[in-house]
Structures are given as C-alpha cells and as structure tokens.
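Q:
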Amino acid sequence: MAKKKTTATKTKTKAAPKTKKAAPKTGKKTARKSRATVVKSAKAPAGVKPKSVKKTPARHATAEDMAQRQREISVAEFFMKNRHLLGFDNPRKALLTTIKEGVDNSLDACEEAGILPDVKVSVSPCQEENRFLVTIEDNGPGIMKAQIPKIFAKLLYGSKFHRLKMSRGQQGIGISAAGMYGQVTTGKPISIVSKTSRNKPAHHYRLEIDTQKNEPRIIADQEIEWKVTSGTRVEIELEAKYHKGRQSVEEYLEQTAIANPHVAIEFLTPEGETLTYNRAAKELPVQAREIQPHPYGVELGVLIKMLHDTQARTLQSFLHSDFSRISTRVAKLICESAGVSERSRPSRIARQEADNLFKAINRTKLMNPPTDCLSPIGEELILAGLKKQIDADFYTAVTRPPAVYRGNPFQIEVGAAYGGSLPGDKLARVLRYANRVPLLYQQSACAITKSMVTTAWRNYALQQANGALPTGPLVIMVHMASVWVPFTSESKEAVAHYPEIIKEIKLALQESGRRLSLFVRRRKKAAESQRKKAYIQQYIPHIAIALREMLTLSDRQESTLVKQLTDVLERSRS
Amino acid sequence: MNPSKKIAGQITDTAAGVRSKIQRRNKPTLSFPLRSLTNVTYQPKKGFLQLKGKKKVRTLTVATVKTFAQTLRMMSQAKSLVETDEIMTKREAYYVSKNWEDARFDEQPESDTVIDDIEALFEVNREQLGFIPEEKGGEVAGKLVVIDRDSDTNKPLRIDCTKFGSGAYSIPISVEHLKFETKAKFVLAIETAGMFQRLVKHNYWRKADCILVSMGGVPTRACRRFIRRLSDDLKLPVYAFVDCDPYGMFNIYRTLKVGSGNAAHINQFFCVPNARFLGVTPQDIVDYELPTHPLKEIDIKRARDAIKNDPFVQHYKSWQDAINQLLDMGVRAEQQAFAVHDLNYVMNNYLPEKLGNARQFLP
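Going down the list, the sequences are from chains A and B.
Using the working numbering, the letters of the first sequence correspond one by one to residues 2 to 575.
Using the working numbering, the letters of the second sequence correspond one by one to residues -15 to 347.
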C-alpha cells in the first residue's frame, strides 16, 4: 500500500508543472483527444468489433497545434530526464558519482590555489531507508559568495570548459547535477558552507535548482562561524545505496589516493568506521599552464566563431595570438596559402574564405602543441602511490613523452605492481585514470582496456587468454593526462578509442611489460631452481636406503651417502 | 655356484659400484642393454635373436633421479626375494612400492618397466629374480605326462594330458622343475583357442599322435619355455599353426621360434629354435581356395617392417618370398577359414596333407 502511495504522489508532482505551463485549453484538448484515438486503434487488432475503427478517423495535428507545443528545453530538464548520461543510473552509482564530483572539485580547487589537499568524506545513513547524507569537506581556497549559487545549482556553469588546461573537471555539470539528483530523490536542497579567508565569515547556503530555467533558487543564505582558515563543505542528501568491493566509494578513494599521493583523505563510512588514506608526497603537482588551442584541433565551425569573436584586428595577428604554435611568419604563410590578405579584418572573413583558411591551416606543417599544459604524476610519485596502497614485490612506472591527438596534447603514464599478496589466479586489475581521476565504470568500452587486451603480455612472461586481460598477481594503472580527455559520455567513465591514444598507451604498457618480465623471469628461474632442489631432496634418501639394504650399511654410512649424493647433484645443477 | 647366490652377488656388485662412484663424487651410472629389434642379431646356429651389445647408460641427474632411486629400490627388493626364495607378482611388486613414499610407482606399467630394466641389467629372466607375471601360460592336451611335485608333500605328481576330456592342462608360470614322458611324434602349437577346442573335441592328438598346445595369441614366456623343454627333453619337432597374416607370422611364430627384440636378453631360454611353420601359408590360401579379408594398413606396415628390420626374416629368403607373396595378394586368411569346406576339413584333409610333407614347412 505504502509503495502505491509514493508512486501516486510522484506522478502528481511530475504532472504539476505540465498543467501550469501547458498551452491554451484548445491545444490541451487536442492532445487529449489524439491520445484517446491512439488508445482505441491500438486496441483494435485484438478487439471484437473492427467496424468502429473505420468510423473514427484520427484527427491530424496542424502546424499551429504543433507550434503551440514546441518550447525550449532547459539543460537541467534534459539532464533530469537523462540522468544516466551523468552517472546517476542507479542508487549505487549515484552515491559514487556524487562523491566523485565533490572530491574532484575539491582537489582541482586546492591544487589551483597551491594548497595540499585534506579531504574529508562522510556518508551517513538517514532515517528513511536508502537515503544518505553525503558530506565532502576540503581545505581549499573557498568560493566567493556571489559564485556559490551558480556553481552548485546551475548546470554547465564553470571555469574549466572554456580553457585548455589539464584539470579533473571539464564541463561544469558534475556537482550541480549531484545536487539536482538529491533534490529530485529526497526533496532536500543542497547545503554549502564556504570560507575564503581567516578574517572573513563563512557563508552558508541552501540551494535548489529551478530545473525549467536552469537557475539557482536560494532557500537559505546566512553567515556562520566555521573554525577553519578556508575551505568548502558540501552536503547533499540523496537516495543511494552503499556497498563495498568493486565500484564502491572505497575503491574510488583508494584509487584516487594511488594517483594523487599528495592528497590526504579521510572517509567516514555509514557503519561509523573511519578510513584514512595518508599523504605520501609533500609536494603539489606542477600546475599546468593554460594554452591556446592548437590549430589542428579546431574544426571549421569553431574557426568561424573564433574569427567572429576575436579582439585581433588583422587576420595575421588573430592567427598568431589566438592559437598556439603559429608565429607571425607562419601566420603570413597560411594567409598566402589560403589566398586571403593577412591584413583583412577577421570579422569580415566570408564563409568561403574561412573554408580556404581552414584548409590552408591543415596543409601547413605546424609544431606540436606545447606540453606545459600537462601535469603528469611522474614515475616517482606513481611508485609512491602504488607502494602506499598495494602490497606487491615489484613496482615500476613509465611516463611517456607528450603526444597529440586531434591537436590536443596528452601524456600517458603506466604503473605496475606485481606479486606480493595480489591474487595470482585472477585477471590483472586495471586502474584507469583520466587527469588523475579514477574511472570505475564501463571498463570494456575504454581505450585503456582495449590497449591492455591487445598488448601481447605473453611476451612478458605473463599468461594471457586470447582477447583478455593477462592473468597473474598484477595491478596495472594507466593514466591519461590531457587538456581535453575524450570521454565516451558525459559521465566520464571511459576514454574514447583514438588510435594515437591507444598507440601511446600500448607503448607505455610494453615498456613496463619489459621491466616486469625481467623480474618475473628472474623469479621463475629462482623458483624453478628451488623446485629442482626439493625434487632431488625427495629421491636421494631412497637411493641411500636401497644401497644400505643391498650393501648392509650402517645408518652413519647411509647419511654420509645422502650428503655426498646431494653434493654431486647440486654441483651438476649449477 | 647356486644360481640364486650368483644373482645376489651380481646385485651386490652393482650396488657397490654405484656407491663407490658416489664416494668418489662422481655421478653414478647404470648401464642396460638396449632393448629393441635394432640391437639383436640372428644366428641360425644358436637359433634365437641375440643382443648385439649396444648399451644404454643411465646416469644419475636431476632428470633421472626418480627412476634411478626406483631402480635401486627394486633391485634391493629382487635381492631379498632371491635370498629368501620368495616370489612376487609384478602387480605385488607395484603394491610393495607404495611403501616407498615419494619413490612409489603411480601406475603398474612404470614398475613393470623398471623390473624389465633390472632383468636386462643382470641378463636373467625376471622369474629368476623372484618376479613372476600374472598371465597364464597356455593349455596342453594330448599324449603327454607332466611330472610335477605336490607343494605340500614334495611327492611327484603324474599328470596325464590325455585325461582332461574336453578340457586341458594349464601350463604353470614356472616350468623349470617339470619332467615329461611321451609317446607323441610332434608338438602342434596353435594360435587360437577355438581351433584348439575343435582338435581337442575330436581327440585329434590320438589320431595324429601328437601334443596340442594352445598359445592364445603371442605365447607367454612360460608357454615358450614349456614348448622349448618339450622340444629339448623329448626331442620332438614343433609345428606352428597360426593365421596367415603378418601378426601370426611374426608376432606369434617369430617370437615362439627366436624370441622378441624387447626381451632379447632372455631369448636364450624363451625360444624354440626347432619350431617350423606349418601354416597357414600364403600358398595355402591359393591351394585351398580359402576365403580372405583384405590386408589392413597395420598388416602392410608390419610386413614391410619385418622385411626391413627383422634379422630373422632377413636371414631367410623363403620368408621374404612368403611375405612378398602375401603383400602381392593383398589379403589375409584365418585358420578357421577351412570351415568353408567342412567343419572338420582342417582335421581330415588340411593337417594330414601338410604333415605328410613336413620338409616343405617354412623355417
């Protein structure tokens, strides 16, 4: 009974905005009528009286009718309906995605402000079943009061979309989507406390998102005491499910700790346990520089828009200043090649000329984009991260030189841990990272997985079934650092299959495989020699027993023989 | 010297050799005669396949340490059998090895091979080492009195092989202690139990004055040794009556007459050099218009192999001719095939006709 009630109320709330905003009465009527006809005709095939179908022809809608129903769709509405696109498919994943978005934002903010991140995550159960209060707190720079509502309660609002610089967040959807999910499933607003400096008070906001307008609605706004220098705390109550093991919050935090050894994380589980992930490195990663787009990565439409928006007065200076790797000389060359005067005003360039310009750019040989926009973890820190979280006998790390796909610089890093307490009879565990963020879902759709299974691990003394991951006590982490990681969806779960990316990953895997195989082979050899020794020891006593029996030797003579024989065979082995 | 004491002495010597090598910090070795057809020769004067003397040396290494240990333990077992005049079947030897912990045998063929190795090592037969086979020897009917001993009273036991009715006397595993009396003119060694039954049922031995022996396929060592003793002690000719196919000719008849390549070290005792081949010959197929089957692939392979590798066949032109004739005809015939004419045709016509011309038999 209780269940029925809740579904009933849900449909009501959903229906409510429709009636409010619905088009004039006539339109509404037609819609109803047409729906009725559809129902009838659908019944007909199974029905008893086919005659009635003939008599009621469907009334088709006119263009005017349709126009009355056509209206703008807000991003928020779109993503509320399609929340699976953002990683809110089910309660389990919703919990993980919420925490992930919060922690990613905290780490990005801390690093940009040059603060060693201390992040506290807590998941505590609420009174209702399957409801949790998630809190993410950091020691970051805090957020200016005026920005708080938009950052947390407006989708596609952020600082990272328009710039080319390596960061965890990209689109400005994540945390506001998490808030919206909480709001939809529990009706509770998102709560934010933020403090920007010791002398200023902390601001406490309670926000809702107006899904039709994609605008924040402020429920509460007050100044409060918060005894920290600076930082941000986000609280979201949401419908969720807590679990352990694969794709759990714990796994995400552990993997985050591996790829971010400069981070300290504290996690309070719903059971009241506190898990800590200690800091293994005292230095922040080098801040990546922001760069201008590389011409090879720009499409015609974007080029036209850039021409229109630029501040530059001449085409030559536009090319030089708005792109990376175009000197004034090269800019002039491009203009000549396109047959356009380098002095012409960018905003006056016509469609055809833009096309020529676009082709000319792609004809011209350009330097690869600068790579200081990337901040790889580095081999040393990868080793530190792996050693901190994984108990193994052998560790190695490879950082490849930067490479380029579609004009975007990227860099691949691979870390491997082998042996120790890792299970030897299972498939290797792959930890996938994009810009230091662990990817836990859609493993099979990811370019990293594809590179793993298409690498011939058998060459590196590991077992591998056809088209599968290698088997053995192995953990492999693969990190892709890029100004723009090409994800297969907005929920950022898998890296798209660009051949350039797969090639780089495979090169890094092969290099770590070579190092690993040295270790594995050496260990196998040692084990083999140990096994042989044990084998000899098994049978030598029997030779001595037989000789004692046949030659009626004493026990002492027998044990002397065992010693001598062991000697003889040991010597022959080496 | 008492033969069993001699064997015990040989075993002790070998063991002492192994020990002294170990004491000198050398890898101990055991050398065995190579047991295969390539390592035998045929000399008609001796009348059996003889080892040529190629040796296989087994050196103690990591790879051979297990077999080496097993061989030595089995040798020790043989020594105690010989010394206590005890016997042990091959199967029992396999079970005794279960006490040897890591050195135990997992399957009987493994322990059988080791026993065969030891047998070859000392160039004796395994019965002399105290190891006896499970298999039974074969069956005998006809004009023969076997004198055995009662194992309790040790009194002589006279066994008249004419008095088994439709049954037969069963050849024991060890035949060395038997004595014989007979008035028969020859021994007929028969391949199949079916043919043997037919001849016994109609008391063919009485009509032809002979001893009938059923070999039941390839004759066991005991069966070969038994026929050999009949041949030696009673000075009786031995005629073999087998199927006309390469298996009957070589696996059965050749083994009976000159022994096998695999156990060449004991052929000396287990062969019947005086045996002759009564039939069925390829020419018989033609003469008696016998129904035939085409030669199987394995038959052809076996026949070609005999011409190429078998020292016995290589020695006798008449055998090479017979094989080539068979290969040309491309068929084989069984000894029961005479039933096409009449059930007792073989008894009333074929055997008397052939026996009337015993000099024509293949060697």
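We put the CB at the ideal spot given by N, CA and C, even for glycine.
The structure displayed is predicted, hence computed values, not measured ones.
1. Between which two residues does the alpha helix (DSSP H) carrying residue 336 of chain A extend?
2. Smallest Cα separation from residue 421 of chain A: which of A:236, A:521, A:405 and A:356?
3. Between residue 110 of chain B and chain A, is there a C-beta pair that is closer than 7 Å?
4. How would you list, in chain order, the residues of chain A whose beta-carbon sits under 8 Å from the beta-carbon of residue 189 of chain B?
5. In chain B, which residues lie less than 8 Å from residue 551 of chain A when you measure between Cβ atoms?
6. Which complete alpha helix (DSSP H) runs does the region 114 to 199 of chain B hold, if anything under 4 residues is left out?
7. For the beta strand (DSSP E) containing residue 98 of chain B, name the first residue and the last one.
8. Along the chain, where does the alpha helix (DSSP H) that runs through residue 230 of chain A open and close?
9. Inspect the CB distances between the region 321 to 337 of chain B and the region 178 to 192 of chain B and report whether three or more fall short of 8 Å.
10. In terms of residues, what are the limits of the alpha helix (DSSP H) holding residue 513 of chain A?
11. Just checking, does the region 223 to 240 of chain A make contact with the region 181 to 201 of chain A on the three C-beta pairs under 8 Å criterion?
12. With a cut-off of 7 Å, does the C-beta of residue 545 of chain A fall near any C-beta of chain B?
13. Grab me the residues of residue 39 of chain A's own chain with a C-beta within less than 6 Å of its C-beta, minus the 5 sequence neighbours each way, in chain order.
14. Given this structure, state the Cα-to-Cα distance separating residue 136 of chain B from residue 285 of chain B, to the nearest angstrom.
15. For residue 52 of chain B, which residues in chain A fall below 8 Å Cβ to Cβ?
16. Which class does residue 365 of chain A belong to by DSSP, given the choice of helix, strand or coil?
17. Looking at the secondary structure, which residues open and close the beta strand (DSSP E) in which residue 7 of chain B lies?
18. Interface residues of chain B around residue 533 of chain A at Cβ under 9 Å?
19. DSSP beta-bridge partners for residue 16 of chain B?
20. I'd like to check one pair, residue 302 of chain B with residue 274 of chain B: are the Cβ atoms closer than 7 Å?
21. Report the option in B:71, B:92, B:70 and B:68 whose CA atom is closest to the CA atom of residue 79 of chain B.
22. Can you grab the Cα-Cα spacing for the pair residue 537 of chain A / residue 527 of chain A, in whole Å?
23. Please name the residue, chosen from B:14, B:118, B:242 and B:153, that lies closest to residue 74 of chain B on a Cα-to-Cα basis.
24. Check distances from the C-beta atoms of the region 556 to 568 of chain A to those of chain B and list, in chain order, the residues that come in under 8 Å.
25. Does any residue of chain B bring its CB to less than 7 Å from the CB of residue 383 of chain A?
26. For the region 473 to 482 of chain A against the region 531 to 545 of chain A, do three or more pairs of beta-carbon atoms, one drawn from each stretch, fall closer than 8 Å, so that the two count as touching?
27. Look at residue 152 of chain A and residue 206 of chain A and say whether their C-beta atoms are less than 7 Å apart.
28. Along chain B, which residues have their Cβ under 9 Å away from the Cβ of residue 537 of chain A?
29. What's the C-alpha gap between residue 524 of chain A and residue 3 of chain B?
30. Scan the region 440 to 484 of chain A and note each continuous beta strand (DSSP E) run of 3 residues or more that stays entirely inside, going in chain order.
31. Report the residue from A:555, A:314, A:292 and A:319 whose alpha carbon sits nearest the alpha carbon of residue 304 of chain A.
32. Given that residue 423 of chain A touches chain B, what residues does it touch there, using C-beta distances under 7 Å?
33. Nearest to residue 297 of chain A by alpha carbon, out of A:245, A:387, A:358 and A:349?
34. Of the residues B:255, B:266 and B:263, which one's Cα is nearest the Cα of residue 28 of chain B?
35. Please list, in chain order, the chain A residues whose beta carbon lies closer than 8 Å to that of residue 86 of chain B.
36. Quick one: which unbroken alpha helix (DSSP H) runs of 4-plus residues sit fully inside the region 371 to 405 of chain A? Chain order, please.
A: The structure says:
1. First-last of the alpha helix (DSSP H) with residue 336 of chain A: 329 to 339.
2. A:521
3. Taking CB atoms only, residue 110 of chain B has no neighbour in chain A less than 7 Å away.
4. The premise fails here: residue 189 of chain B is roughly 49 Å from chain A at the closest Cβ pair, so nothing lies under 8 Å.
5. Under the 8 Å cutoff, chain B gives -5, -4, -1, 56, 59, 60 and 63.
6. Complete alpha helix (DSSP H) runs here, min 4: 177 to 185 and 188 to 192.
7. Not the beta strand (DSSP E): residue 98 of chain B falls in the alpha helix (DSSP H), residues 92 to 106.
8. In the DSSP assignment, residue 230 of chain A falls outside any alpha helix (DSSP H) and carries neither an H nor an E.
9. yes
10. 500 to 552
11. Because the criterion of three Cβ pairs below 8 Å is met, the region 223 to 240 of chain A and the region 181 to 201 of chain A touch.
12. no
13. Residue confidence is low: residue 39 of chain A scores 42 on pLDDT, short of 50, so the model does not pin down where it sits. Its coordinate-derived value is still stated next. Within the same chain, residue 39 of chain A has no close Cβ partners at all.
14. When the Cα atoms are used, residue 136 of chain B and residue 285 of chain B turn out to be separated by approximately 51 Å.
15. Within chain A, the C-beta atoms nearer than 8 Å to that of residue 52 of chain B come from 540 and 544, in chain order.
16. Secondary structure at residue 365 of chain A: coil, using DSSP grouped into helix, strand and coil.
17. Careful: residue 7 of chain B lies outside any beta strand (DSSP E), inside the alpha helix (DSSP H) at -13 to 7.
18. 46
19. B:40
20. The criterion of a C-beta distance shorter than 7 Å is not satisfied by residue 274 of chain B and residue 302 of chain B.
21. B:92
22. 15 Å
23. B:118
24. Taking 8 Å as the Cβ-Cβ cut-off against chain B, the residues of the region 556 to 568 of chain A that qualify are 562, 565, 566 and 568.
25. no
26. no
27. no
28. 46 and 49
29. 36 Å
30. 475 to 483
31. A:319
32. Here the premise fails: no neighbours, minimum Cβ distance about 31 Å.
33. A:358
34. Considering only alpha carbons, the answer is B:255.
35. 539, 540 and 543
36. 380 to 390
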